[in-house]
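The opening residue of the sequence shown carries number 1 in UniProt numbering; numbering runs sequentially from there. By construction, the Cβ of each residue, glycine as well, lies at the ideal position given by its N, Cα and C atoms.
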Amino acid sequence: MEFHDPCIEAIDGSASIRTRLRALLAEARREVLLSIPVEAVPVVRDRLGTAIENDVAVLLLLYGDGEVPDDLDELATVVRRLPGQVPLTCLVDQWLTLLGWPWVLSDSSDDTLATFVDSSHITLGLFGEFVGNYWSMGREIHVADPPTLPRHYPTFRGGVLGATLHLRQGSKIQTTCKIAASGETALPETEITGLALDVRQGLVYPMTNRFPSENGMVLRVDGERVTVGGVGAYVEDYAAESVTLEHA
Numbered sequence: 001m002e003f004h005d006p007c008i009e010a011i012d013g014s015a016s017i018r019t020r021l022r023a024l025l026a027e028a029r030r031e032v033l034l035s036i037p038v039e040a041v042p043v044v045r046d047r048l049g050t051a052i053e054n055d056v057a058v059l060l061l062l063y064g065d066g067e068v069p070d071d072l073d074e075l076a077t078v079v080r081r082l083p084g085q086v087p088l089t090c091l092v093d094q095w096l097t098l099l100g101w102p103w104v105l106s107d108s109s110d111d112t113l114a115t116f117v118d119s120s121h122i123t124l125g126l127f128g129e130f131v132g133n134y135w136s137m138g139r140e141i142h143v144a145d146p147p148t149l150p151r152h153y154p155t156f157r158g159g160v161l162g163a164t165l166h167l168r169q170g171s172k173i174q175t176t177c178k179i180a181a182s183g184e185t186a187l188p189e190t191e192i193t194g195l196a197l198d199v200r201q202g203l204v205y206p207m208t209n210r211f212p213s214e215n216g217m218v219l220r221v222d223g224e225r226v227t228v229g230g231v232g233a234y235v236e237d238y239a240a241e242s243v244t245l246e247h248a
């Protein structure tokens, strides 16, 4: 993954924040993590629907006291609900971020502020912080059916989520990872293929991660048990850039 100096921009006013949020969701090609008040779902309903149609993994955290929509399967891959308030957060494709106070979408005052960040380094850090502080506290109210296989995931986290949904149903999944060396391991391979034995993740129940940002797989490769993490992984045997899942 490429890193560059972050671009940080302040967004003034709820109307401008809504416009930027919709534009940000329209950019999604791989992954969205979004927390919004449940009454603000109409603001982004069409954008979330398009993302799901385009096979984008959508993690949606709803907060507040409104009624939950009855068409969650059309809006998100996984939905959780919190009764209290959390920051408005939108993280797109491990690169783009929009942050604001919980009420910024409904506040009509001109001095309402949100912050837009264009930085993979910051967005990756915020994902782990958000999962640990807010997502993990939510009650799971919707999980999509396992994806049709075979399927290629351009992000490792998407592959872990897809594998998790299949493993929860008892399916046997063969996993091919495009990898780079991790930790003390230096290997010439560009891919490894093995049977998925287990996952380490905190996005759906049962959560098996040991720390908030952990997303990993345990595979049987050529009779040996190996662990795989995402880009930048340092506790696993391998770091994977992308994943392809097939029925074993």
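Where does residue i sit, in a helix, a strand or coil, going by DSSP?
i: V41; result: helix
i: L113; result: strand
i: M137; result: helix
i: V204; result: coil
i: T97; result: strand
i: A196; result: strand
i: E129; result: helix
i: V226; result: strand
i: L161; result: helix
i: E27; result: coil
i: S35; result: strand
i: A10; result: strand
i: G183; result: In this predicted model, G183 has a pLDDT of only 49, less than 50, meaning its place in the structure is not dependable; the value taken from the coordinates is given anyway. G183 falls in the coil class under three-state DSSP.
Can you tell which of the options has the C-alpha that lies nearest to the C-alpha of residue i?
i: R22; options: E67, V86 and L91; result: L91
i: A180; options: M207, G162, P146 and G230; result: G230
i: A57; options: R151, G13, R200 and R225; result: R151
i: E191; options: D65, L219, G49 and R45; result: L219
i: V143; options: D65, C7, Y205 and R29; result: Y205
i: P42; options: D93, E53 and V68; result: V68
In angstroms, rounded to a whole number, what distance separates the CA positions of residue i and residue j?
i: V160; j: M217; result: 7 Å
i: I17; j: A10; result: 10 Å
i: R157; j: N215; result: 6 Å
i: A26; j: L82; result: 25 Å
i: L59; j: P37; result: 14 Å
i: T50; j: V44; result: 10 Å
i: L88; j: I52; result: 20 Å
i: H166; j: V199; result: 11 Å
i: G162; j: P147; result: 6 Å
Can you tell me which residues form a DSSP beta bridge with residue i?
i: K178; result: E191 and S242
i: Y153; result: V243
i: R20; result: Per DSSP, none; premise fails for R20.
Next item on the list: Specify whether the region 232–243 and the region 167–174 touch according to this definition: at least 3 beta carbon pairs, one from each stretch, less than 8 Å apart.
Entry: no
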